[in-house]
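Worksheet: the structure to be examined is printed underneath.
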Amino acid sequence: TGLITLDAGYKNTGSCESGITFLDGEKGILRYRGYAIEDLAEKADFLEVAFLLIFGELPTKAQLDKFYTDIKSKSVVDDDVRKIVDAFPKSAHPMGVLSSLTSALTAFNPSIVNVSSEQDMYNSVVKIMGKFPVLVAWALRKIQGLPLDYGDNSLGYVENVLKMMFKQPNQEYVQNPIIVNALDKLLILHADHEQNCSTSTVRIVGSSHAGLFASISAGISALWGPLHGGANQAVLEMLEAIQADGGDTKKYMAKAKDKNDPFRLMGFGHRVYKNFDPRAKIIKAAADEVLNDLGIEDPILDIAKGLEREALSDDYFVKRKLYPNVDFYSGIIYRAMGIPTDMFTVMFALGRLPGWIAQYREMRLRNEPIGRPRQLYIGQNHRVFKTVKNR
Ligand code: CMC
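Following UniProt numbering, the numbering of the sequence shown begins with 37 at its first residue and continues without gaps.
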């Protein structure tokens, strides 16, 4: 064990070489394949970004059209999946439903990707890109007691997801371009973030050569926790609790700073960003814009802005370099779109899917060794075994 260095939480350990996402936590820089997140959020759409992340280059129009045509051709899930959805209780958390259904897809699709065949890898990519939005929509329709429908393949990827989620029986679904644009932007901002907890999970599960669907289902479970993707749900629940408690932000600031109180200001702090989270800047502006465009006045937004103002001028937060992260304002936008709080982390998963795929593909193509950290043993030394009657 002499050579093993302990690095709990892998704060200083690089687990791989990667050419996908560049992140400078001190300067607040985030780039996908060399392109600034600000440019992508403003000028690209989610499917282009997915292609960029997975295959390394921005697609030409012809490549993008083919990619989407192939995705659409694989977007039907086996009819037996409906029976699985039916079997969940209506109270099931949609993240549990999503991870189970993603895992269930391995039963209907060969789970092992033959990475030496480019075609095999491509087929797996378009399959999961096609089927995942259906599972996302069905996770929502389950908790809302709506029939499990497909959308409309003549629509764009994001428009189609929205229709699949929200279409009511016997009613026409009318797209709202403000909502389409906002969701597109949110998905782009969530699409990859180098070796975070869920992505590392996908890579480590895949490093045993488990299939793409199985590895992604493990990533969904990792994303669920409130310290990772689950923070967006936790932020909104926190803001609602503060509102219900009379809007006293100072009281919650004090709780967050109290080391005897487990309460943390959700949506604040980041393992890597120690200056600001560039995604949070974009999302804050988007939240203002969306609420304004939709004509919604949400007192929760004022509470969020109040908390941010106080935290940014508070010694405790300043000293520890705790800034609002991507999850601080995203929930406010999801709420304005009519997405229930329980579904926020599912929306994060939908955005992160291309990142997980890209990282899995890179790891397999580079033929990385199986992930297998070591430990520093702190248990008992050798002990003499006693049979049960002598204990
Ligand atoms: N509220 C109050 N104190 C905090 C917070 C917070 N949100 N975050 C960190 N701290 C304190 C922490 O108590 C510690 O203080 P001290 O040095 O006195 O012991 C110090 O800041 C450093 O925190 P840490 O827990 O050692 O830092 P970490 O890098 O292990 O954790 C984090 C990063 C994001 C898990 C943490 O900041 C956190 O729990 N934030 C709230 C949850 C959240 O918003 N998560 C979303 C992260 S961004 C999207 C994603 O990755 O999915």
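Think of the CB as a built atom: it goes at the ideal place given N, C-alpha and C, for glycine as much as any other residue.
On the criterion of 16 or more Cβ atoms from any shown chain inside 10 Å, does residue i qualify as buried, or is it exposed?
| i | result |
| --- | --- |
| SER244 | exposed |
| LEU327 | buried |
| THR423 | exposed |
| ILE332 | exposed |
| GLN416 | exposed |
| GLU53 | exposed |
| ASP281 | exposed |
| ARG388 | buried |
| PRO390 | buried |
| GLN231 | buried |
| ALA80 | buried |
| LEU263 | exposed |
For residue i, which of helix, strand or coil comes out of DSSP?
| i | result |
| --- | --- |
| ILE40 | coil |
| LEU358 | coil |
| PHE124 | coil |
| residue 4 | Nothing can be reported for residue 4, as the shown portion of the chain is limited to 37 through 427. |
| residue 2 | Residue 2 lies beyond the residue range present for the chain, which begins at 37 and ends at 427; the question has no answer from this structure. |
| LEU66 | strand |
| ALA394 | helix |
| PHE304 | strand |
| residue 21 | Residue 21 lies beyond the stretch modelled for the chain, which goes from 37 to 427, so this question has no answer here. |
| TYR352 | helix |
| ALA277 | helix |
| ALA218 | helix |
| ALA292 | helix |
| TYR46 | helix |
| TYR370 | helix |
| ALA72 | strand |
| VAL151 | coil |
| ASN268 | helix |
| CYS52 | coil |
| ILE375 | coil |
Find out if the Cβ-Cβ distance for the pair residue i, residue j is shorter than 8 Å.
| i | j | result |
| --- | --- | --- |
| residue 18 | ARG371 | This structure leaves residue 18 out entirely; the chain is present only between 37 and 427. |
| residue 26 | PHE87 | As displayed, the chain neither begins before 37 nor continues past 427, which places residue 26 out of reach and without an answer. |
| VAL121 | LYS178 | yes |
| PHE353 | VAL271 | no |
| ASP156 | GLN269 | no |
| ASN189 | SER257 | no |
| VAL161 | TRP392 | no |
| TYR396 | GLY242 | yes |
| VAL172 | TYR186 | no |
| ILE90 | ALA394 | yes |
| GLU84 | LEU100 | yes |
| PHE82 | ILE224 | yes |
Going along the chain, which residues of its own chain have a beta-carbon closer than 6 Å to the beta-carbon of residue i, five neighbours each way excluded?
| i | result |
| --- | --- |
| GLY265 | LEU259, THR381, PHE384 |
| MET274 | MET302 |
| TYR288 | ILE278 |
| LEU219 | VAL194 |
| residue 434 | Nothing about residue 434 can be read from this structure; the chain reaches only from 37 to 427. |
| SER251 | VAL238, VAL241, GLY242, TYR396 |
Near residue i, which residues of its chain fall below 8 Å by C-beta distance, leaving aside the five closest residues on each side in sequence?
| i | result |
| --- | --- |
| ILE214 | VAL326, ASP329, LEU330 |
| ALA128 | LYS178, ILE179 |
| ASP284 | ILE278 |
| PRO183 | ARG177, PRO205 |
| ASP313 | GLY64, HIS306, TYR359, PRO360, ASN361, VAL362 |
| ASP334 | LEU327, ILE368, ARG371, ALA372 |
| MET399 | CYS52, ARG239, GLY242, SER243 |
For residue i, which residues of its own chain have a beta-carbon under 7 Å away from its beta-carbon, when the five flanking residues on both sides are left out?
| i | result |
| --- | --- |
| SER253 | SER135, THR138, SER139 |
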